[in-house]
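*Asks:* Numbering (the numbering used here), first residue to last: 3 to 201.
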């Protein structure tokens, strides 16, 4: 029996020394008691922390989903945009020789246009000049009030869009103010034939 008492006293002394050393290190009495019993103490703020952590976890999940959807939309937008840019700038056009008739209304002086045969037509727009072809033939109406110039030019043909000279579409019914050297003439495209590829 006396041996048991000695062991209990020595254990108590060791525990007290341990408690004193932990106090000096800044530990609390609760920590000491928890350490002696081997039981994990419940922190009163732990449940609140757990709730906050769960709330934080829910928010980033929603944010992650939104960010993922936005990234997917951005990737799809880039792919679709690249496709349409490729279609716009791709070589879906070809150079072709066309011939169009340009009708000029005159006041009984259409015969004067006979001297512009084999001259070149130009279209001035926004400070730049677009070549509109070479005059191949001229026909004048019987009453001398209408001159029709037949013009030959190489144009760009875009599928489902028609014929273009520069950025200007050439089509029947188009009105232009063209220039022959220093002379300006107003007229309308009344006939257009083409589609022969340039060789």
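Note that the Cβ used here is the ideal one computed from N, Cα and C, for glycine as well.
With residue 147 and residue 109 assumed to form a contact (beta carbons below 8 Å), what rounded beta-carbon distance in angstroms separates them?
*Replies:* 7 Å between Cβ atoms; contact.
*Asks:* Just to confirm, are residue 161 and residue 112 a CB contact at a threshold of 8 Å?
*Replies:* Contact flag unset, no.
*Asks:* Would you identify the three-state DSSP class for residue 110, choosing helix, strand or coil?
*Replies:* Of the three classes helix, strand and coil, the one that applies to residue 110 here is coil, per DSSP.
*Asks:* What are the boundary residues of the beta strand (DSSP E) that residue 1 is part of?
*Replies:* Any question about residue 1 goes unanswered here, given that the chain covers just 3 to 201.
*Asks:* Can you tell me whether residue 140 is buried or exposed? The criterion is at least 16 other CB atoms within 10 Å of its CB, across all chains shown.
*Replies:* Residue 140 comes out buried.
*Asks:* Between residue 190 and residue 176, how many whole angstroms is the CB-CB distance? I'm expecting something under 8 Å.
*Replies:* Rounded, the Cβ-Cβ distance is 7 Å, consistent with contact.
*Asks:* So what's residue 194 in DSSP terms, helix, strand or just coil?
*Replies:* DSSP places residue 194 in strand when its eight states are reduced to three.
*Asks:* By the three-class DSSP mapping on this structure, what secondary structure does residue 173 have?
*Replies:* Residue state, collapsed to three classes: coil.
*Asks:* What residue range does the beta strand (DSSP E) around residue 164 cover?
*Replies:* Looking at the DSSP string, the run of the beta strand (DSSP E) that includes residue 164 is 164-167.
*Asks:* How is residue 79 classed by DSSP in three states: helix, strand or coil?
*Replies:* Three-state result, residue 79: helix.
*Asks:* What do you reckon, are the CB atoms on residue 124 and residue 193 nearer than 8 Å?
*Replies:* The answer is no: Cβ separation not under 8 Å.
*Asks:* Less than 6 Å between C-beta atoms, sequence neighbours within five positions excluded: which residues of the same chain meet that for residue 173?
*Replies:* Closer than 6 Å at the Cβ level, and outside the excluded window around residue 173, lie 164.
*Asks:* Going by alpha carbons, who is nearest to residue 171 out of 132, 137 and 80?
*Replies:* Among 132, 137 and 80, the Cα nearest to that of residue 171 is on 132.
*Asks:* Would you mind giving the Cβ-Cβ distance between residue 154 and residue 99, rounded to the nearest angstrom? I have them listed as a contact below 8 Å.
*Replies:* About 7 Å; that satisfies the 8 Å criterion.
*Asks:* For residue 81, count neighbouring Cβ atoms within 10 angstroms of its own Cβ and tell me buried if that reaches 16, exposed if not.
*Replies:* It is exposed - the Cβ of residue 81 has fewer than 16 other Cβ atoms within 10 Å.
*Asks:* Where does residue 121 sit, in a helix, a strand or coil, going by DSSP?
*Replies:* Coil.
*Asks:* Can you check which of these residues, 88, 96 and 115, is closest to residue 105 by C-alpha distance?
*Replies:* Among 88, 96 and 115, the Cα nearest to that of residue 105 is on 115.
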